[in-house]
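Okay, structure first, notes after.
2 protein chains.
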Amino acid sequence: MRDGLRELRRISDILPKALGYLDLPCEIGIRVEDSLGWYSAETVISSFKLPPKPKAVMDGYAVRVDDVEAASPVSPIPLKLLDASLRPGFDVDVVLKPGFAARVETGSLLPIGADAVVPIEDVVEGDGMIFVSKRLARYENVSLPGEEYDEGVTIVRRGCRITPQSIAGLILEGRGEVRVFDLRARILNVGDELVGSSYFKPFTHMFIASWLRWHGFTVDEISMMKDDIDEIASWLQRGGKPYLSILVGGTSMGRYDYTIKAMERINPEYMVHGFAIQPGKTACLAVKDSKPILALSGLPVAAMSTLEYLLKPLIRGLGLDIPVYPKVKAILTRRVTVKLGVKGFVRVRVYRSSGRLYAEPLMTGGSGALASLLRGNGFVEVPEDIEGFDEGCEVEVNLYGSVSQLD
Amino acid sequence: MRDGLRELRRISDILPKALGYLDLPCEIGIRVEDSLGWYSAETVISSFKLPPKPKAVMDGYAVRVDDVEAASPVSPIPLKLLDASLRPGFDVDVVLKPGFAARVETGSLLPIGADAVVPIEDVVEGDGMIFVSKRLARYENVSLPGEEYDEGVTIVRRGCRITPQSIAGLILEGRGEVRVFDLRARILNVGDELVGSSYFKPFTHMFIASWLRWHGFTVDEISMMKDDIDEIASWLQRGGKPYLSILVGGTSMGRYDYTIKAMERINPEYMVHGFAIQPGKTACLAVKDSKPILALSGLPVAAMSTLEYLLKPLIRGLGLDIPVYPKVKAILTRRVTVKLGVKGFVRVRVYRSSGRLYAEPLMTGGSGALASLLRGNGFVEVPEDIEGFDEGCEVEVNLYGSVSQLD
Numbered sequence: 194m195r196d197g198l199r200e201l202r203r204i205s206d207i208l209p210k211a212l213g214y215l216d217l218p219c220e221i222g223i224r225v226e227d228s229l230g231w232y233s234a235e236t237v238i239s240s241f242k243l244p245p246k247p248k249a250v251m252d253g254y255a256v257r258v259d260d261v262e263a264a265s266p267v268s269p270i271p272l273k274l275l276d277a278s279l280r281p282g283f284d285v286d287v288v289l290k291p292g293f294a295a296r297v298e299t300g301s302l303l304p305i306g307a308d309a310v311v312p313i314e315d316v317v318e319g320d321g322m323i324f325v326s327k328r329l330a331r332y333e334n335v336s337l338p339g340e341e342y343d344e345g346v347t348i349v350r351r352g353c354r355i356t357p358q359s360i361a362g363l364i365l366e367g368r369g370e371v372r373v374f375d376l377r378a379r380i381l382n383v384g385d386e387l388v389g390s391s392y393f394k395p396f397t398h399m400f401i402a403s404w405l406r407w408h409g410f411t412v413d414e415i416s417m418m419k420d421d422i423d424e425i426a427s428w429l430q431r432g433g434k435p436y437l438s439i440l441v442g443g444t445s446m447g448r449y450d451y452t453i454k455a456m457e458r459i460n461p462e463y464m465v466h467g468f469a470i471q472p473g474k475t476a477c478l479a480v481k482d483s484k485p486i487l488a489l490s491g492l493p494v495a496a497m498s499t500l501e502y503l504l505k506p507l508i509r510g511l512g513l514d515i516p517v518y519p520k521v522k523a524i525l526t527r528r529v530t531v532k533l534g535v536k537g538f539v540r541v542r543v544y545r546s547s548g549r550l551y552a553e554p555l556m557t558g559g560s561g562a563l564a565s566l567l568r569g570n571g572f573v574e575v576p577e578d579i580e581g582f583d584e585g586c587e588v589e590v591n592l593y594g595s596v597s598q599l600d
Numbered sequence: 194m195r196d197g198l199r200e201l202r203r204i205s206d207i208l209p210k211a212l213g214y215l216d217l218p219c220e221i222g223i224r225v226e227d228s229l230g231w232y233s234a235e236t237v238i239s240s241f242k243l244p245p246k247p248k249a250v251m252d253g254y255a256v257r258v259d260d261v262e263a264a265s266p267v268s269p270i271p272l273k274l275l276d277a278s279l280r281p282g283f284d285v286d287v288v289l290k291p292g293f294a295a296r297v298e299t300g301s302l303l304p305i306g307a308d309a310v311v312p313i314e315d316v317v318e319g320d321g322m323i324f325v326s327k328r329l330a331r332y333e334n335v336s337l338p339g340e341e342y343d344e345g346v347t348i349v350r351r352g353c354r355i356t357p358q359s360i361a362g363l364i365l366e367g368r369g370e371v372r373v374f375d376l377r378a379r380i381l382n383v384g385d386e387l388v389g390s391s392y393f394k395p396f397t398h399m400f401i402a403s404w405l406r407w408h409g410f411t412v413d414e415i416s417m418m419k420d421d422i423d424e425i426a427s428w429l430q431r432g433g434k435p436y437l438s439i440l441v442g443g444t445s446m447g448r449y450d451y452t453i454k455a456m457e458r459i460n461p462e463y464m465v466h467g468f469a470i471q472p473g474k475t476a477c478l479a480v481k482d483s484k485p486i487l488a489l490s491g492l493p494v495a496a497m498s499t500l501e502y503l504l505k506p507l508i509r510g511l512g513l514d515i516p517v518y519p520k521v522k523a524i525l526t527r528r529v530t531v532k533l534g535v536k537g538f539v540r541v542r543v544y545r546s547s548g549r550l551y552a553e554p555l556m557t558g559g560s561g562a563l564a565s566l567l568r569g570n571g572f573v574e575v576p577e578d579i580e581g582f583d584e585g586c587e588v589e590v591n592l593y594g595s596v597s598q599l600d
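Residue numbers (this note's numbering), protein chains in the order written: chain A, 194 to 600; chain B, 194 to 600.
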């Protein structure tokens, strides 16, 4: 297992097997009001029509179009005003007989028999009567049953993140709760240097926690631990653990890398160490109790590369639809190369100049370069079967930030 | 003021004046760990270099390149192994004299005098010696000071949402807190029908609350109230109010619309009722105590149109950089028309077919049509100076959902 690093695996190759060992995250019920951004565990389809009856879309007067067929400015048609209160939100069984009109506001359901609304400004009112000087088409200024909300519309799909409009639909359906996937994670930052470093503060674990939250995970534990195989292993085996466990740091082949050893110690059902991605090749994926454990580099770019190239496909493979980044095509300002057979994670800064988009590669500093994540706004994926892209080439960029305007 | 609706204002026309009455939201300090997605009130620039000294980017041996200049497989150069523990995160003042090598792991700072790292696999070790069979370029397998993190890099810009990489940078800078804009909102849902409707549950307020949260606002109050001018006005004037107050419902010219009257009652510094947007024209913007009050339609599409066309430009005008939606160009499958002089908010469903993107307008049902928001994944803005777009026209779509694949 330790020499897995000499034989780097393609993520697409190991994915089907890894998924075979994984359960889905638990499903839990949460209040609809609190469900924004969670991954729904159910598909909810709308079950009724709105409006339930024809409804006014303007303030005015409900009429029968047959009554005003002959209306014109020179011979306005008089209609008797019905003494009924028709207000939005209330459905009353009022009948509009021929020769009558009823005052309605925007949103009122029409009285039975009415089939159009004369706008308030097109009517002269006085003495319990109105005078209509214009004919109307049937259902003019009226919204018909099902136009606003209809049976059979997908409100939310299992595996998709819950949006503001999904919440609106769920509430309209009378739902107080919705079932979601409990995509909780915990993070353990491993390394003696985290506790005693003389020149930097550990930060990659918080980057990972924020990345996870940004993508709809809940992070309910962030801990630090010195290099100690027994303690790391016992943390991994602790009861009541959330779905995803992430170990940060200690994944390479150096003498002080205890993370991988701790993962071996707990006898995972599945484990693979070393992936054909650059940076991030030293990552390790294990499955224990049908839940994933991911060991990531303590270097931020390598960690992000693994989150994008390994964790995202894994979660998507389970049927949870992590949204993709917006993609733009941009012209590469410098050649980028990656070892053949390895998938490259190339940070770029996309900018607009003279109306065209350019992508400037920011590869300096390799896997530890936080600066490249801060300066950049996207990344280019270099597939395994090519060695890179030439300068001037049009590449597809995954944008995680906004594009700046240069001129 | 009540006939403001007959004279609809262009948002771009009223914006400069409205902004003149508004203060920025308060600035507060929050923990960096909790700051994801908040709008930063400060610009933070990085202040030091990482690594502080040349650093190993591989597990191996730190050497002086001059010592191994003549190395080759037939005449490997022997170097004495320094008995020093060089580990990531620690900076020790070890000197590497000529003829010596020191074991390093990925991330270790090199001993003084060393200027390259021989990878572990290119070395034969034994008896306190290593044998190097390959010459090295200066700084090979070494990361130089400033490559990972440098002075002068923008970690976060005032007015921008805080990202995972910003959080990493803030922590690295030793920041425990960051100053952010306190973009809190409260929502009052107004209308007798909300309490007693016989056929639907109110939901637009929760759609608005979720939209606000999605865009980085905090919503700390959602209330409902019957139509009562005094009570609405007193809610508006209550002390300790957050930055943005939103009233939902009761904005049109019907007999039961108390919201606008309540806004007039509190003597706002600025108020405009009626905008040249479709739907959403009945919206009202007021400024009281230098804070915005927005009255939105109770109909979800009209509410969203106002949030996109009025609230977003207003908040952006204050210098808070609300991210834009990804934009795609798509071919319109049906003609859309909007009244000249009015900006149109046309919901569309973008789909891909035979490799091209199409946008199907979903205008049925007008401003109340939640179904169009659920079925759709974006909207097209129709500018005031044109009447719409023809079928087959290429339009720019603001995507708020993902694009489905048709074939």
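The beta carbon of each residue, even a glycine, is placed where N, CA and C say it ideally should be. All values reported here derive from a predicted model rather than from experimental measurement.
Rounded to whole angstroms, residue 344 of chain A and residue 566 of chain B show a C-alpha spacing of 15 Å.
For chain A, the residues of the region 402-436 of chain B that bring a beta carbon within less than 9 Å of one of its beta carbons are 402, 403, 404, 405, 406, 407, 415, in chain order.
Residue contact check for residue 564 of chain B against chain A: a CB pair falls below 7 Å. The way I'd put it, the region 262-275 of chain B does touch the region 291-302 of chain B; three or more beta-carbon pairs between them come closer than 8 Å. Beyond the five residues adjoining it in sequence on each side, residue 534 of chain A comes within less than 7 Å, by CB distance, of 469, 577 in the same chain, given in chain order. DSSP, read as helix, strand or coil, puts residue 328 of chain A in coil. With respect to the 7 Å criterion, residue 476 of chain A and residue 461 of chain A are not classified as neighbours on the basis of their beta carbons. In this chain, the beta strand (DSSP E) harbouring residue 294 of chain B covers 293-297. Within chain A, the C-beta atoms nearer than 9 Å to that of residue 595 of chain B come from 353, 514, 516, 517, in chain order. In terms of beta-carbon proximity, residue 473 of chain A stays away from the interface with chain B, with every pair separated by 7 Å or more. By the criterion of at least three beta-carbon pairs nearer than 8 Å, the region 218-235 of chain A is in contact with the region 364-374 of chain A. Only exposed fits residue 423 of chain B, as fewer than 16 other CB atoms lie within 10 angstroms of its CB. With 16 or more other Cβ atoms from the protein chains shown falling within 10 Å of its own Cβ, residue 497 of chain A counts as buried.
Nearest to residue 520 of chain B by C-alpha distance, out of B/320, B/200, B/338, B/572, is B/572.
Per DSSP, the beta bridge partners of residue 318 of chain B are B/323.
Below 8 Å, enough C-beta pairs join the region 312-330 of chain B and the region 258-270 of chain B to call them touching: three or more. Excluding its 5 nearest sequence neighbours in each direction, residue 510 of chain A has C-beta neighbours in its own chain below 7 Å: 208, 212, listed in chain order. With respect to residue 201 of chain A, residue 474 of chain A sits close: the two C-beta atoms are nearer than 7 Å. Taking 7 Å as the CB threshold, residue 361 of chain B lines the interface with chain A.
Within chain A, the residues 403, 407, 593, 594 have their CB atoms less than 8 Å from the CB of residue 356 of chain B, given in chain order. Taking 7 Å as the threshold, the shortest C-beta distance from residue 463 of chain A to chain B does not fall below it.
Going by DSSP, residue 273 of chain B is part of the beta strand (DSSP E) stretching over 270-274. Three or more pairs of CB atoms, one per stretch, sit closer than 8 Å, so the region 528-543 of chain B contacts the region 483-499 of chain B. Residue 299 of chain B and residue 312 of chain B do not touch by the CB rule: their CB atoms are close to 10 Å apart, not below 8 Å. Residue 466 of chain B is bridged by DSSP to B/477. Exclusion of the five residues before and after residue 583 of chain A leaves 525, 528 as the residues of its chain whose Cβ lies within less than 8 Å of its Cβ. Under the DSSP assignment, residue 380 of chain A falls in the beta strand (DSSP E) whose first and last residues are 377-383.
Residues of the region 315-341 of chain A with a C-beta atom less than 7 Å from some C-beta of chain B are 336, 340, 341, listed in chain order. Among the bridge pairs identified by DSSP, residue 235 of chain B is matched with none. Here residue 405 of chain A is near residue 378 of chain A, since their CB atoms are less than 7 Å apart. Of the residues A/310, A/471, A/489, the one whose Cα lies closest to the Cα of residue 456 of chain A is A/489. For residue 395 of chain B, the closest of B/408, B/279, B/466, B/418 by C-alpha to C-alpha distance is B/418.
The closest CA to that of residue 239 of chain B, considering only A/585, A/563, A/590, A/315, is found on A/563.
Around the C-beta of residue 206 of chain B, fewer than 16 other C-beta atoms lie within 10 Å, and the residue is accordingly described as exposed.
Distance from the Cα of residue 366 of chain A is smallest, within the candidate group A/507, A/236, A/502, A/436, for A/236. Bounds of the alpha helix (DSSP H) holding residue 493 of chain A are 493-499.
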